[in-house]
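Q: First the structure, which I've put down as structure tokens, then a few questions once you've had a look.
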Amino acid sequence: LLSKSSALQAFPTLNPDGLVDAIIFYDSQHSSAHGAKITNCTSLTSLTPPDPTTHPHHLSRVLITDTLTCHSFPVCFGCLITTTDPHADSLLQLADPDPEHTRSPTLKALRDVHIALPAYYAPRGMVLLDPKTEDGRVVFLFPWEGETIAGTTDTPVAPVPAGALAGEGEEPAMVREEEIRWALDEVRKCLAPDVGVSRTDVLSARCGLRPLVVSA
């Protein structure tokens, strides 16, 4: 727990108006060196469940396609952990494509827009999280690669069609001007009035889909 003065010392651009105290918490960490092989520009195009008659060790098989060369190659595994975000349901459908077996969606997608601002809006090594916006959405600012990333919009989107591959059936990933304005308006409330965040401070903007578990 930080006092008001300690919070302003840790995050100098923070708006002092109405500030009583702040809390530091640790939400996540990265573990980037455990033997994993990472690829991009690839797509999982099929998934074959294990066949005990051909795979005595009960290995499953996926087909991966290089989207730049269109070359496909198989990968066998004993355990598949899906990190396909809102596409997890579609991947499960690939594992059981029988149309007689219908699955209830387990995930829904939200469209998140983040804007990039100059680095001086957030101190290095410190993230600001404000969970009390006017409409209940969360706003954050964090330092990243010499910039400050701010967001997020949390806009519901249409579900990805069953059986669609990643990227298929989605809304175009284009940032709308009103989304940038919303992010800027919320950032201004978090920062001191004399900081003066403006539209010209936006270096870039990006959007993507974030999954949430569907309530039972």
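Residue 340 in the numbering used here sits at position 54 of the sequence shown; the count goes up by one each step and never skips.
Think of the CB as a built atom: it goes at the ideal place given N, C-alpha and C, for glycine as much as any other residue.
1) Do L477 and N326 have their beta-carbon atoms positioned less than 7 Å apart in this structure?
2) Taking the DSSP output, what are the residues bridged to F426?
3) Which residues in the same chain as W468 place their Cβ atom closer than 7 Å to its Cβ, once the five residues preceding and following it in sequence are excluded?
4) Can you tell me whether L354 is buried or exposed? The criterion is at least 16 other CB atoms within 10 Å of its CB, across all chains shown.
5) Where does the unbroken alpha helix (DSSP H) through K394 begin, and where does it stop?
6) Rounded C-beta distance between D371 and R485? I'm assuming under 8 Å.
7) Give the secondary structure of S490 by DSSP, where H, G and I count as helix, E and B as strand, and everything else as coil.
8) Could you tell me if C493 is buried or exposed, where buried requires 16 or more neighbouring beta carbons within 10 angstroms of its beta carbon?
9) If we ignore side chains and look at the alpha-carbon of each, how far apart do T328 and L380 end up?
10) Check each candidate in C365, P335, L345 and D398 and name the one with the smallest Cα separation from V443.
11) Measure how close the beta-carbons of Y407 and V483 come, nearest whole angstrom, since I'm counting them as under 8 Å.
12) Classify A395 as buried or exposed, calling it buried when 16 or more other Cβ atoms lie within 10 Å of its own Cβ.
13) Answer with buried or exposed for V425, where buried requires no fewer than 16 other C-beta atoms within 10 angstroms of its C-beta.
14) Give me whichever residues DSSP pairs with R496 in a beta bridge.
A: Quick answer:
1) no
2) L415 and G437
3) T439
4) exposed
5) Element bounds for K394: not the alpha helix (DSSP H) but the beta strand (DSSP E), L393 to P404.
6) Not really, about 29 Å apart at Cβ, beyond 8 Å.
7) strand
8) buried
9) 16 Å
10) D398
11) 7 Å
12) buried
13) buried
14) L396
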